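Data block below; observations after.
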Amino acid sequence: MSEILHPQSNSPSPFLDQIENAEKYRNYEAEARPCVQELYRLNHASQTLDFVLSKKAEYGRLDKAEMSIWEAMDYLTNLVDDSDPDIDLPQIDHALQTAEAIRMDGHPRWFQLAGFIHDLGKVLCMFDEPQWAVVGDTYPVGCAFSDRIVYHELFQANPDYSHPVYSTPNGIYDAHCGLDNVHISWGHDEYLYLVTRDYLPREAQWMIRYHSCYPVHREGAYTHLLSDGDAELLKWVRAFNPYDLYSKSEVRPDINELKPYYEDLVAEFFPEKLKW
Ligand SMILES: [Fe+2]
Ligand SMILES: [Fe+2]
Numbered sequence: 129m130s131e132i133l134h135p136q137s138n139s140p141s142p143f144l145d146q147i148e149n150a151e152k153y154r155n156y157e158a159e160a161r162p163c164v165q166e167l168y169r170l171n172h173a174s175q176t177l178d179f180v181l182s183k184k185a186e187y188g189r190l191d192k193a194e195m196s197i198w199e200a201m202d203y204l205t206n207l208v209d210d211s212d213p214d215i216d217l218p219q220i221d222h223a224l225q226t227a228e229a230i231r232m233d234g235h236p237r238w239f240q241l242a243g244f245i246h247d248l249g250k251v252l253c254m255f256d257e258p259q260w261a262v263v264g265d266t267y268p269v270g271c272a273f274s275d276r277i278v279y280h281e282l283f284q285a286n287p288d289y290s291h292p293v294y295s296t297p298n299g300i301y302d303a304h305c306g307l308d309n310v311h312i313s314w315g316h317d318e319y320l321y322l323v324t325r326d327y328l329p330r331e332a333q334w335m336i337r338y339h340s341c342y343p344v345h346r347e348g349a350y351t352h353l354l355s356d357g358d359a360e361l362l363k364w365v366r367a368f369n370p371y372d373l374y375s376k377s378e379v380r381p382d383i384n385e386l387k388p389y390y391e392d393l394v395a396e397f398f399p400e401k402l403k404w
């Protein structure tokens with residue numbers, strides 16, 4: 129397993145210390161479910177800069193619904209993510225497993241909250257968005273697709289692949305413009321960021337906004353677009369990642385036992401209803 133960056137590296141990390149067999153996760157080549165490749169075929173052919181800009185404009189208005197974090201969580205209880213090669217598990221279980229692992233390692237409450245809610249943007253499926261526009265790894269658009277993106281060969285079907293500007297390394301961006309100025313393929317990360325950004329510290333915003341952006345936070349691609357300050361924030365995205373990835377287990381958390389704790393946590397940061 130590659131090194132895990134850990135902002136509280138002086139503290140004991142019971143969860144991270146117990147991680148074993150990490151290589152068995154995110155294995156797209158061995159036994160990935162057939163729907164995983166089909167999802168990426170559609171995703172890579174369809175996520176153009178124009179598509180991303182139109183979705184950001186549409187959902188950025190936050191006029192689709194008013195609902196609480198818990199109402200969103202209830203919806204997700206029945207959703208299984210087609211892009212995840214690792215496990216068929218209800219999303220509420222994944223939310224609690226991620227947050228409980230973060231809590232076990234003694235991280236601050238905003239970090240636990242980020243873990244609990246990080247996938248709530250998948251309520252996009254509620255608004256009839258197809259899974260290829262909701263889940264899966266994300267990546268910059270408006271500039272050349274990196275060959276470090278999963279299934280990168282499938283981008284040949286994307287109109288931007290041969291666009292005179294969007295196919296260049298910098299594309300529409302200035303070098304080192306900063307990740308927050310780069311348009312990222314549309315999905316649950318960006319959507320939940322838009323919904324929750326006013327209520328969370330910047331580190332949590334970045335965990336939510338970029339947790340699926342593996343080409344940047346894991347593969348080290350697109351460094352020519354990153355600004356000086358991005359490195360520090362990406363450390364937090366990387367610190368979050370093992371909890372998202374390695375807490376997945378078929379042992380179901382006890383929702384009734386844990387719910388009071390997470391009700392308090394949600395109420396500490398969010399109003400009763402949020403605009404979605
Ligand atoms: Fe996610
Ligand atoms: Fe997740």
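For the sequence shown, the positions run 129 to 404 when our numbering is used.
Think of the CB as a built atom: it goes at the ideal place given N, C-alpha and C, for glycine as much as any other residue.
Please read these numbers as outputs of a predicted model, since none were measured by experiment.
Drop a sphere of 10 angstroms on the beta-carbon of residue i, count the other beta-carbons inside from all chains shown, and report buried for 16 or more, exposed for fewer.
i: residue 190; result: exposed
i: residue 146; result: exposed
i: residue 257; result: buried
i: residue 225; result: buried
i: residue 205; result: exposed
i: residue 388; result: exposed
i: residue 178; result: exposed
i: residue 385; result: exposed
i: residue 297; result: exposed
i: residue 278; result: buried
i: residue 375; result: buried
i: residue 228; result: buried
i: residue 162; result: exposed
i: residue 337; result: buried
i: residue 247; result: buried
Assuming residue i and residue j make a contact with CB atoms under 8 Å, what is their CB distance in whole Å?
i: residue 259; j: residue 320; result: At roughly 16 Å, the Cβ-Cβ gap does not stay under 8 Å, so residue 259 and residue 320 are not in contact.
i: residue 302; j: residue 295; result: Not quite, the Cβ-Cβ distance comes to about 17 Å (not below 8 Å), so this is no contact.
i: residue 264; j: residue 340; result: 7 Å
i: residue 223; j: residue 201; result: 7 Å
i: residue 250; j: residue 207; result: 6 Å
What separation, rounded to the nearest whole angstrom, lies between the Cα atoms of residue i and residue j?
i: residue 195; j: residue 395; result: 14 Å
i: residue 399; j: residue 391; result: 12 Å
i: residue 185; j: residue 193; result: 16 Å
i: residue 143; j: residue 231; result: 9 Å
i: residue 272; j: residue 354; result: 15 Å
i: residue 281; j: residue 172; result: 9 Å
i: residue 349; j: residue 276; result: 7 Å
i: residue 234; j: residue 198; result: 24 Å
i: residue 188; j: residue 313; result: 15 Å
i: residue 397; j: residue 358; result: 25 Å
i: residue 362; j: residue 402; result: 27 Å
i: residue 372; j: residue 241; result: 13 Å
i: residue 393; j: residue 324; result: 14 Å
i: residue 333; j: residue 318; result: 10 Å
i: residue 329; j: residue 351; result: 24 Å
i: residue 316; j: residue 262; result: 5 Å
i: residue 300; j: residue 356; result: 20 Å
i: residue 181; j: residue 311; result: 8 Å
i: residue 292; j: residue 285; result: 15 Å
i: residue 274; j: residue 369; result: 21 Å
i: residue 244; j: residue 379; result: 17 Å
i: residue 322; j: residue 221; result: 24 Å
i: residue 308; j: residue 343; result: 15 Å
i: residue 252; j: residue 219; result: 14 Å
i: residue 360; j: residue 367; result: 11 Å
i: residue 305; j: residue 203; result: 37 Å
Report the partner residues of residue i according to the DSSP bridge assignment.
i: residue 194; result: 403
State yes or no: is the beta carbon of residue i nearer than 9 Å to at least one beta carbon in chain B?
i: residue 334; result: Although the question refers to chain B, the structure presented lacks it and comprises just one protein chain.
My parser needs the beta strand (DSSP E) runs of 3 or more residues fully inside the region 304 to 372; what are they?
Unbroken beta strand (DSSP E) stretches of 3 residues or longer found wholly inside the region 304 to 372: none.
Pick out the complete beta strand (DSSP E) segments inside the region 370 to 397, 3 residues or longer, and give them in chain order.
As far as the region 370 to 397 is concerned, it has no whole beta strand (DSSP E) run of at least 3 residues.
Along the chain, which unbroken stretches of the alpha helix (DSSP H) at least 4 residues long are found entirely within the region 232 to 313?
Complete alpha helix (DSSP H) runs here, min 4: 237 to 245.
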